[in-house]
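Notes follow the structure.
Residue numbers (the numbering used here): -14 to 346.
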């Protein structure tokens, strides 16, 4: 069967032939991969910036934003049936008996860093025709979400952020009625974050570098959010334009943007960081003012990475809501569908918001 692989030592990305997986045993399921979304992580791995193949392999099969169909189940599978649509989670637990988070199935909070990730770190991904996966790592998806199910994994990042925000804001002595949110960035993670916010009935503003009359800005407005462009409003002026914000959802990976935006945070507000910045030259920031405001206004900052099963399940719920309320807007995020053979080219250059590779079907 075919797979899209990265050979880091050879500096090569190509479609290869690999052996089919063995029949499932125990709680395993054999999956027919239907589609896989492409994200910035895939492109960085394909540019040989990082990515680690499994031990003993000289290549890494890419892909972690997958949707698949169950073809066969092992004898101990209890929740899945042949024909079910599923989305796999990405991270697998470390082997350290002292890592309490991995031992309870919350490897997204792993304390050792020795986890593996499908298609990223020491485990092959889903850009191949067939895979075997444990039932505990598979989240069932309603069939009506088939054509947008590749959005569930990136949407799980926003879903986990929502879980974290809810937990952190329990510190407040009252329950806020309705939050105002600012999403930094209109890439796939930002757009899906905006969807999660708007279907939760939050007043949402998206701030990004695309012009106010661009197709990307139009997509934001179709979601029911307000769009603000960096061309008209420098980040230093954001507070005067949008006013106090309860939650900032950062999806750009640019520290100067993320921390300058805190001037727009309302008292008791929350900044959620999801982007991983490049290690460039040190940036100049008024860190004394930022720290002073955070302390005096009881504000909080939290970083979040990866997502656990509960966040995937919440992402499925949010996507169902979005497909009921704004189906055209959701579908418009997937701007390019191409076969697996086009993978090496798509990894070099994105086409619109979200590229998806068709594997089967």
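Ideal placement from N, C-alpha and C gives every residue a C-beta, glycine not left out. As the structure is a computational prediction, the values presented were derived from the model and not from experiment.
If I follow the unbroken beta strand (DSSP E) through residue i, where does it start and stop?
i	result
residue 50	50 to 58
residue 13	13 to 23
residue 286	285 to 288
residue 354	Because the chain spans -14 through 346 in this model, residue 354 falls outside it and cannot be assessed.
residue 103	101 to 103
residue 339	339 to 343
residue -9	-13 to -8
residue 347	Shown here, the chain extends from -14 to 346; a query on residue 347 therefore has no answer.
residue 319	319 to 324
residue 165	165 to 169
residue 210	Careful: residue 210 lies outside any beta strand (DSSP E) and carries neither H nor E.
Looking only at its own chain, which residues have a Cβ that is under 7 Å from the Cβ of residue i, when we skip the five neighbours before and after it?
i	result
residue 240	262, 268
residue 283	252, 253
residue 33	-7, -4
residue 36	-9, -7, 30, 45, 105
residue 226	213, 218
residue 349	Summary: the structure shown does not reach residue 349, with the chain confined to residues -14 through 346, and so no result is reported for it.
residue 3	-14, -12, 113
residue 242	169, 220
residue 150	232, 255, 257
Between which two residues does the alpha helix (DSSP H) carrying residue i extend?
i	result
residue 305	294 to 310
residue 245	240 to 245
residue 148	137 to 153
residue 201	200 to 207
residue 330	328 to 333
residue 275	272 to 281
residue 226	223 to 227
residue 86	85 to 88
residue 181	173 to 184
Is residue i near residue j, with beta carbons less than 8 Å apart?
i	j	result
residue 213	residue 179	no
residue 349	residue 19	Residue coverage of the chain in this structure runs from -14 to 346, which leaves residue 349 outside it and unanswerable.
residue 194	residue 114	no
residue 249	residue 275	no
residue -9	residue 325	no
residue 56	residue 120	no
residue 81	residue 99	yes
residue 355	residue 246	This structure cannot settle anything about residue 355, because the visible part of the chain is limited to -14 through 346.
residue 322	residue 301	no
residue 337	residue -11	no
residue 285	residue 184	no
residue 199	residue 292	no
residue 173	residue 339	yes
residue 153	residue 287	yes
residue 175	residue 190	no
With residue i and residue j assumed to form a contact (beta carbons below 8 Å), what rounded beta-carbon distance in angstroms separates them?
i	j	result
residue 135	residue 25	Actually they do not touch by this definition, with Cβ atoms about 15 Å apart.
residue 332	residue 31	4 Å
residue 49	residue 71	The pair is not a contact, with the Cβ atoms about 14 Å apart (cut-off 8 Å).
residue -6	residue 27	Their Cβ separation, rounded to whole angstroms, is 19 Å, which puts residue -6 and residue 27 out of contact at 8 Å.
residue 87	residue 78	4 Å
residue 177	residue 143	5 Å
residue 295	residue 148	7 Å
residue 344	residue 133	About 16 Å separates the two Cβ atoms, so there is no contact after all.
residue 130	residue 305	7 Å
residue 303	residue 181	5 Å
residue 244	residue 281	In fact, because the Cβ distance is near 16 Å, the residues do not count as touching under 8 Å.
Near residue i, what residues of its chain come up, given a Cβ to Cβ distance below 8 Å and the 5 sequence neighbours on each side ignored?
i	result
residue 207	311, 313, 314, 317
residue 68	54, 55
residue 347	What is shown of the chain runs -14 to 346, which leaves residue 347 out entirely.
residue 186	163
Can you name, in chain order, every residue of its own chain whose Cβ lies under 6 Å from the Cβ of residue i, other than the five neighbours on each side?
i	result
residue 237	169, 170, 260
residue 38	44, 45
residue 5	-14, 115
residue 110	46, 47, 48, 49, 103, 104
residue 91	293
residue 52	19, 20, 72, 134, 135
residue 188	165
residue 196	214, 216
Does any CB atom of chain C fall closer than 8 Å to the CB of residue i?
i	result
residue 210	Any reference to chain C falls outside this structure, which holds one protein chain only.
### Task
Examine the Cβ distances between the segment 100 to 119 and the segment 252 to 259 and report whether three or more of them are shorter than 8 Å.
no
### Message
Below 8 Å, how does it come out for the segment 212 to 232 and the segment 154 to 167: are there three or more Cβ pairs, yes or no?
### Response
yes
### Query
Three or more beta-carbon pairs under 8 Å between the segment 123 to 130 and the segment 93 to 100, yes or no?
no
### Query
Taking three-plus beta-carbon pairs below 8 Å as touching, is the segment 57 to 67 in contact with the segment -3 to 17?
yes
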